[in-house]
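To start, the structure under review is shown below, and the notes come after it.
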């Protein structure tokens, strides 16, 4: 037992020393996420979407976006309500993968659906990501505009290239 305790103590001190001597490895992550700093904060506004019944529905949307884990990820919490009922409840985690050279959007919905999708920063104010679906893909585009405005659109893009908008949100910084 005494030998085991000596081993555990040595292991603990070795790990602690090694971690102190290691240079930070999150520099690329932080630099890439810093390019999205304009997203951080609280947002609110209105939006519309087509329901599965192909009806256009309007909603009130809030987005709460925070840097987490020493600014290496963005936590995105979105909630849409209509007539005091939640119609959209999502959590996203946006991170950067320096080896792959792109961002990842991990999304989680209150419905239980989730996924990880490649995201691209097209310019300093335009972020997009795609979700493959049978028969095509879904494209989301966030455009951060001047005067603290956020425009987000969702499109269904068919295999033949036809594009159908199904969602739009226009938000302002709170």
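Residue numbers (the working numbering): 10 to 183. Glycine is no exception: its CB is placed at the ideal position from the N, C-alpha and C atoms. Source: prediction; values computed, not measured.
Residue i versus residue j: straight-line alpha-carbon distance, rounded
| i | j | result |
| --- | --- | --- |
| residue 108 | residue 148 | 24 Å |
| residue 126 | residue 113 | 6 Å |
| residue 47 | residue 110 | 21 Å |
| residue 152 | residue 54 | 14 Å |
| residue 89 | residue 179 | 12 Å |
| residue 103 | residue 93 | 29 Å |
| residue 73 | residue 95 | 16 Å |
| residue 35 | residue 63 | 45 Å |
| residue 52 | residue 97 | 15 Å |
| residue 135 | residue 165 | 18 Å |
| residue 142 | residue 154 | 29 Å |
| residue 159 | residue 50 | 12 Å |
Cβ neighbours of residue i in the same chain (closer than 8 Å, five flanking residues each side left out)
| i | result |
| --- | --- |
| residue 157 | 181 and 182 |
| residue 123 | 115, 116 and 117 |
| residue 44 | 130 and 133 |
| residue 42 | 76, 80, 81, 82, 83, 103, 104 and 105 |
Close-in-space but distant-in-sequence residues of the same chain around residue i (CB under 6 Å, 5 per side omitted)
| i | result |
| --- | --- |
| residue 67 | 57 |
| residue 100 | 86 and 117 |
| residue 176 | 58 and 163 |
| residue 37 | 107 |
Other residues of its chain near residue i: CB distance less than 7 Å, five sequence neighbours each side excluded
| i | result |
| --- | --- |
| residue 140 | 124, 126, 146 and 147 |
| residue 60 | 66 |
According to DSSP, residues forming a beta bridge with residue i
| i | result |
| --- | --- |
| residue 35 | Looking at the DSSP assignment, residue 35 forms no beta bridge with any residue, so it has no partner. |
| residue 171 | None; residue 171 has no bridge partner. |
| residue 110 | Partner(s): none; residue 110 has no beta bridge. |
| residue 53 | 71 and 181 |
| residue 93 | Paired residue(s): none; residue 93 is not in a bridge. |
Inter-residue CB distance, residue i and residue j (contact presumed, cutoff 8 Å)
| i | j | result |
| --- | --- | --- |
| residue 81 | residue 39 | 6 Å |
| residue 75 | residue 84 | 5 Å |
| residue 168 | residue 150 | Not a contact, Cβ separation roughly 20 Å. |
*asked:* Ignoring anything shorter than 3 residues, give me the beta strand (DSSP E) runs that lie fully in the segment 57-83, in order along the chain.
replied: Contiguous beta strand (DSSP E) elements confined to the segment 57-83 occur at 65-77, taking only those with 3 or more residues.
*asked:* Please give me, in chain order, every unbroken run of the beta strand (DSSP E) with length at least 3 that falls completely inside the segment 117-162.
replied: Listed in chain order, the complete beta strand (DSSP E) runs (minimum 3 residues) inside the segment 117-162 are 123-132, 135-142 and 145-154.
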